[in-house]
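Residue numbers (our numbering): 358 to 428.
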C-alpha cells in the first residue's frame, strides 16, 4: 500500500504525495490519476532538494531508495 501524506498549508487545499522508486513510479502515477483525474507533477529527488522538508529515504512500496516524488 502506498502511504500518503496530507499537507495543509494556510489557504491551500489538501494534497497527496508519494515517494517511490523507479519500479513503482507508474503505479503511483496511476493511483494519483485515479484519485484526482489529472496528471501529477513528478520530481526527481536526486536532482531536487527542499529547504524545509526531507523526503523519506525509501520507496513507500518496497525497501529500495525513494527516487521520485509524485504530487
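From the three backbone atoms N, C-alpha and C, an ideal C-beta is built for every residue, glycine too. Small disclaimer: the values here were computed from a predicted structure and weren't measured.
- Residues 373 of the same chain have their beta carbon placed closer than 8 Å to that of residue 392, with the five preceding and five following residues left out of the count.
- Rounded to whole angstroms, residue 422 and residue 396 show a C-alpha spacing of 23 Å.
- In terms of CA proximity to residue 403, 425 leads the group 377, 375, 425 and 386.
- By the Cβ-count criterion, residue 419 is exposed, with fewer than 16 other Cβ atoms from all chains shown falling within 10 Å of its own Cβ.
- Judged by DSSP in its simplified three-state form, residue 420 adopts coil rather than helix or strand.
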